[in-house]
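> What follows is a structure written as C-alpha cells; I'll ask about it next.
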DNA sequence: GTAGGGTTAG
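In the working numbering, the protein residues as written are 56 to 723.
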C-alpha cells in the first residue's frame with residue numbers, strides 16, 4: 056500500500072495524540088471570553104450527554120454539533136478525546152473533523168486525520184474523500200487535494216465539485232473549468248447538479264472572460280439548470296466580472312425566483328461598477344417588492360454605492376436603518392459605514408462610527424487609516440495605525456497601502472520611507488505594485504524624481520499604469536521633460552485608451568515652451584483616434600444626485616447656474632483671478648480656452664451647490680477625474696468670496712477649500 | 001441514522 060500524500064509518511068504520531076499542538080488548545084486570543092465559556096459549556100454538555108462513551112455514534116454527533124456551531128478546536132478536541140478512549144472512528148467521524156481542520160487552516164491536524172482514515176482504509180469513502188479534498192484545498196495545498204481526488208476510485212458529483220472548488224480557492228480557475236469539463240465528459244450531463252454548476256460558474260467569474268462565461272451559460276441552458284436561483288445569482292456575478300453589466304441585469308430580470316442573494320448581488324454589481332444611482336434604485340425596489348428582506352450584506356453594498364456617489368444624505372439614511380436593524384455592530388456594515396463617511400467627506404463622523412465598533416477587523420482599521428489619508432490628514436492616519444499596532448490585528452499588505460498613501464497625500468516623506476522599509480524588514484511583507492505606486496507618488500511629489508525612477512527600475516514586480524502615472528504627474532509638477540517622455544511612452548502601451556497621459560505630456564511640453572512637440576501630441580491623438588474620458592462632477596441635494604458635464608446645459612436650472620457663474624467670474628477677476636489655461640490642450644486659441652474653462656463641470660457643480668444651499672453650508676462636489684489646476688485655484692477663490700467651505704473629492708483625494716486655501720498644499 | 005461540495009460583502 057502506498058500513502059496517497061507524500062507528507063503523511065513523515066508523521067509518526069500515535070493515533071490518540073492531540074490533533075493540534077498542546078499550545079493551540081488554549082483558545083485563540085481573538086475569541087472572546089463569552090465564546091470561550093460557550094465552547095466549554097457545549098463540550099461539557101456533550102461529555103455529560105454521551106451516555107455510552109464507547110459508542111462511536113455518540114462521539115460522532117458530538118463532533119458534528121461542535122463543528123456546526125463553529126467550534127472547530129473543540130470538535131478536534133472531541134475527536135482526540137474519543138481516540139484516547141480507544142474508540143475507533145468510523146466513516147462518519149472524519150468529515151466533520153476534517154471540516155474543522157479546514158476551518159482552522161490547520162494542515163497538521165488534517166494530515167493526521169488523513170493518516171488515521173488511511174490506516175482504517177476509509178479514505179476512498181465518498182464522504183471522507185470529499186472532506187479530504189476540501190481540507191487540503193482550504194489549507195492551500197492543492198496538489199495534495201488533487202492526490203486525494205485521484206486516489207478516489209469511484210467519484211460522485213460532490214467529490215468532483217470539491218476538486219473544482221479547490222482549484223477556484225487556490226487561484227487556478229482555468230484548472231477548475233478543465234476539471235468541470237472532465238467531469239462532464241466522464242460522468243455525463245445528468246450528474247451535474249446546481250452546486251457543481253455554481254462552482255464552475257464561480258471559476259468563470261474569476262477568469263472574467265466574456266467568451267468563457269457565455270459558453271458556460273449556454274451549457275447550463277442545455278442542462279436545464281439556468282432557472283435555479285443559485286445559478287442565476289452566480290451567473291450575474293460572472294457576467295459582471297466580465298464587464299457585461301447589461302447581460303448581468305438581464306439575468307436578474309429574467310429570474311423566475313429571486314432570493315436575498317439575488318438582490319444583494321445585483322446591488323453589489325452596480326455599486327462596485329460605480330453605478331450608484333442604479334444600486335440605490337434597486338435597493339428601493341427591493342424594499343418595495345417585499346419578497347426579500349435586506350440584511351448586512353445588502354446594507355454593505357448600498358453603503359458602497361453611497362460612498363462612490365458621495366451621497367451623504369442617503370448614506371446617513373442607511374446608517375440609521377442599520378442602527379434600527381441592530382446591524383451597526385456587524386463588522387462588515389460597520390466598516391462600510393466608516394468607508395462611506397470618509398468618502399462622503401465626513402472623516403470625523405467616520406471616526407465616531409469607528410470608535411463605536413466593538414468588533415474591528417483588519418479592513419476596518421485599514422479603512423480608517425485610508426480615510427484619514429485621503430483627506431490629507433497623515434498625522435491622524437499614522438496615529439490610528441499606531442493604535443492598530445498596539446491593540447489591533449497585525450497589519451497586512453492592504454494596511455500598508457493605506458499607510459503609504461496617507462504619507463504620500465500628506466507629504467510625509469520621512470515617515471513614508473520609514474514604513475516602506477519597516478513593512479519589509481519588520482513585517483516581512485514584500486512590496487506589491489500598489490506600494491511602489493504610493494512610494495513613487497511620495498518621492499515624486501517631494502521632487503525626488505530621479506530617486507522615484509530608480510525605485511521603478513529596481514521594482515520586483517512589473518510597474519503598472521499607476522506607478523508610471525505617478526511619475527508622469529510628478530514630472531508635470533517638477534517640469535522634468537526627459538522622464539515625462541519615458542513614463543508617457545510606457546503609459547501609452549499600458550493604458551492605450553486613456554488620453555489623460557497625452558494631455559499630461561502635452562502640458563509638460565507646453566510648460567517647457569516646446570510648441571512643436573505640443574502640436575505633435577495633438578496630431579498623434581487625432582491619428583490614434585483618442586477620445587477624451589468625459590469629465591463630470593456631481594452634487595447630492597436632498598438625496599438626489601445632480602450630474603454636470605463640461606458646458607452642460609441640460610440641467611433644469613442651467614440658466615440660473617450660468618448667470619451666477621458669470622457674476623462670480625467678474626468678482627473673481629476683480630480679486631485678481633487670471634484663468635490658468637495650462638490644463639487645456641493647446642489646440643484652441645486663448646479666448647476659447649477661457650470659455651471652456653469657465654464651464655468645466657466642477658465649476659458648474661460648485662455654482663449649483665452654492666445656489667441651492669443655505670449660506671454657511673459646506674458644499675460638496677465629486678469629480679470623476681482629477682480637478683484641473685485652473686478649477687483648483689478658481690474654487691479656492693470662490694470659497695473665500697462666498698465664505699463657504701467647499702469639499703471636492705476627485706479621482707485621487709479630497710480637497711478642502713477654506714478661507715482661500717486648500718488642504719492639499721502640493722497642487723501645481 | 002449519520003457525515004461531504006456552492007453563490008452575495010468591506
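Yeah, the Cβ is synthetic: ideal placement off N, Cα and C, and Gly gets one too.
What do you get for residue 226, buried or exposed, if any count of 16 or more other CB atoms within 10 angstroms of its CB means buried?
As a working mapping, residue 226 is identified with position 171 in the first chain. Exposed: under 16 other Cβ atoms inside 10 Å.
> Could you check whether the segment 689-696 touches the segment 367-380, counting it as contact only if at least three pairs of C-beta atoms, one from each stretch, sit closer than 8 angstroms?
Too few Cβ pairs lie closer than 8 angstroms, so no.
> Less than 6 angstroms between C-beta atoms, sequence neighbours within five positions excluded: which residues of the same chain meet that for residue 710?
The count along the first chain starts at 1 and reaches residue 710 at position 655. Same-chain partners within the cutoff: 703, 717 and 719.
> Please return the same chain residues whose Cβ sits closer than 6 angstroms to the Cβ of residue 460, not counting the five positions on each side in sequence.
Counting from 1 along the first chain, the entry for residue 460 is found at position 405. Within the same chain, residue 460 has close Cβ partners 428 and 493.
> Residue 664 and residue 623: beta carbons closer than 8 angstroms?
Counted from its first residue, the first chain places residue 664 at position 609. Counted from its first residue, the first chain places residue 623 at position 568. No, the Cβ-Cβ distance between residue 664 and residue 623 is not below 8 angstroms.
> Please confirm if the segment 142-158 is in contact with the segment 182-199, defined as three or more CB-CB distances below 8 angstroms between the two stretches.
Because the criterion of three Cβ pairs below 8 angstroms is met, the segment 142-158 and the segment 182-199 touch.
> On the DSSP letters alone, give me the boundaries of the alpha helix (DSSP H) that residue 614 sits inside.
Within the first chain, the letter at position 559 stands for residue 614. Residues 613-629.
> Output yes or no for whether 8 angstroms exceeds the beta carbon distance between residue 408 and residue 359.
Residue numbering aside, residue 408 sits at position 353 when the first chain is read from its first letter. Residue numbering aside, residue 359 sits at position 304 when the first chain is read from its first letter. In this structure, residue 359 does not lie closer than 8 angstroms to residue 408 by Cβ.
> To the nearest angstrom, how far is it from the Cα of residue 656 to the Cα of residue 535?
Mapped onto the first chain, residue 656 falls at position 601. Mapped onto the first chain, residue 535 falls at position 480. Approximately 29 angstroms, taken between the alpha carbons.
> Going by other Cβ atoms of all chains shown within 10 Å of its Cβ, with 16 needed for buried, is residue 84 buried or exposed?
Taking the first chain and counting its residues from 1, the one referred to as residue 84 is at position 29. Bear in mind that a pLDDT of 33 at residue 84, under 50, signals an unreliable position, so the model cannot answer this.
> Per the contact definition of three or more C-beta pairs closer than 8 angstroms, is the segment 674-681 in contact with the segment 586-598?
The segment 586-598, when compared against the segment 674-681, does touch it at the 8 angstroms Cβ threshold.
> To test your reading of the DSSP string, which unbroken alpha helix (DSSP H) runs of 4 or more residues are found completely within the segment 283-333?
Runs found: 284-296, 300-309 and 315-327.
> What's the gap between the Cα of residue 727 and the Cα of residue 458?
Beyond the ends of the chain as shown, which are 56 and 723, falls residue 727; an answer cannot be given.
> Can you list, in chain order, the residues of its chain with a C-beta nearer than 6 angstroms to that of residue 87? Leave out the 5 residues immediately preceding and following it.
Locating residue 87 in the first chain gives position 32, counting from the first residue. Confidence at residue 87 is low in this model, with a pLDDT of 37, below 50, so its placement is unreliable and the value that follows should be read with caution. Nothing meets the Cβ criterion.
> In angstroms with no decimal places, state the Cα-to-Cα distance between residue 313 and residue 364.
Your numbering for residue 313 matches position 258 in the first chain. Your numbering for residue 364 matches position 309 in the first chain. Cα-Cα distance, rounded: 27 angstroms.
> Count the other C-beta atoms from every protein chain shown that fall within 10 angstroms of the C-beta of residue 40, then say buried if there are 16 or more, exposed otherwise.
The requested residue 40 is not part of the displayed model; the chain covers only 56 to 723.
> What number of angstroms, rounded off, separates the C-alpha of residue 251 from the C-alpha of residue 212?
Position 196 of the first chain, counting from 1, holds the residue named residue 251. Position 157 of the first chain, counting from 1, holds the residue named residue 212. Their backbone Cα atoms lie some 7 angstroms apart in a straight line.
> Could you give the residue range of the alpha helix (DSSP H) that holds residue 706?
Counting from one through the first chain, the residue named residue 706 turns up at place 651. It is not in any alpha helix (DSSP H) - residue 706 carries neither H nor E in the DSSP assignment.
> Please confirm if the segment 127-140 is in contact with the segment 173-181, defined as three or more CB-CB distances below 8 angstroms between the two stretches.
Counting Cβ pairs under 8 angstroms, fewer than three are found: no touch.
> What's the call for residue 701, buried or exposed, on a 16-neighbour Cβ count within 10 Å?
As a working note, residue 701 is residue 646 in the first chain. Buried is the call here.
> Could you tell me the alpha carbon to alpha carbon distance between residue 608 and residue 619, rounded to whole angstroms?
Along the first chain, read from residue 1 onward, the residue named residue 608 stands at position 553. Along the first chain, read from residue 1 onward, the residue named residue 619 stands at position 564. Whole-angstrom Cα-Cα distance: 14 angstroms.
> Is the segment 476-496 touching the segment 520-536, taking contact as three or more C-beta pairs under 8 angstroms?
The answer is yes - the segment 520-536 touches the segment 476-496, with three or more Cβ pairs under 8 angstroms.
> If I'm right that residue 49 touches residue 469 with Cβ under 8 angstroms, what's the distance once you round it to whole angstroms?
Limits of the chain in this structure are 56 at one end and 723 at the other, which puts residue 49 out of reach.
> Along the chain, where does the beta strand (DSSP E) that runs through residue 595 open and close?
Here residue 595 refers to the residue found at position 540 of the first chain. Run containing residue 595: 591-596, per the beta strand (DSSP E) assignment.
> Using the Cα positions of residue 19 and residue 388, report the straight-line distance between them to the nearest angstrom.
Missing from the structure shown is residue 19; the chain here goes from 56 to 723 and no further.
> Quick check on the DSSP output: the alpha helix (DSSP H) that includes residue 511 runs from which residue to which?
Indexing the first chain from 1 puts residue 511 at position 456. Segment 504-512, the alpha helix (DSSP H) holding residue 511.
> My output table needs one value for residue 516: the three-state DSSP class, helix, strand or coil.
The sequence position of residue 516 within the first chain is 461, counting from 1. Coil.
> Is the beta carbon of residue 464 closer than 8 angstroms to that of residue 433?
Residue mapping note: residue 433 aligns to position 378 of the first chain, counting from 1. Residue mapping note: residue 464 aligns to position 409 of the first chain, counting from 1. Yes, they are a contact pair.
> Which same chain residues, not among the five before or five after residue 278, have their C-beta less than 8 angstroms away from its C-beta?
Taking the first residue of the first chain as 1, we reach residue 278 at position 223. Closer than 8 angstroms at the Cβ level, and outside the excluded window around residue 278, lie 244, 247 and 252.
> Just the Cα atoms here: how many angstroms apart are residue 506 and residue 462?
Within the first chain, residue 506 is the residue found at index 451, counting from 1. Within the first chain, residue 462 is the residue found at index 407, counting from 1. The alpha-carbon atoms of residue 506 and residue 462 are separated by roughly 17 angstroms.
> Report all residues from its chain with a CB closer than 8 angstroms to the CB of residue 564; omit the five preceding and five following residues, and keep chain order.
Locating residue 564 in the first chain gives position 509, counting from the first residue. Hits under 8 angstroms: 536, 570, 572, 573 and 576.
> Run through the DSSP bridge pairs and tell me what residue 382 is partnered with.
If you number the first chain from 1, residue 382 lands on position 327. In the DSSP output, where bridge partners are listed per residue, residue 382 has none listed.
> Is residue 262 near residue 295, with beta carbons less than 8 angstroms apart?
Walking along the first chain from the start, residue 262 turns up at place 207. Walking along the first chain from the start, residue 295 turns up at place 240. Their beta carbons are not under 8 angstroms apart, which means residue 262 does not touch residue 295 by this criterion.
> Beta-carbon separation of residue 206 and residue 233 under 8 angstroms?
Against the first chain, residue 206 aligns to sequence position 151. Against the first chain, residue 233 aligns to sequence position 178. No, they are not a contact pair.
> Out of 659, 130 and 162, state which residue places its alpha-carbon closest to the alpha-carbon of residue 148.
For the purposes of this step, residue 148 is taken as residue 93 along the first chain, with counting starting at 1. Per the Cα distances, 130.
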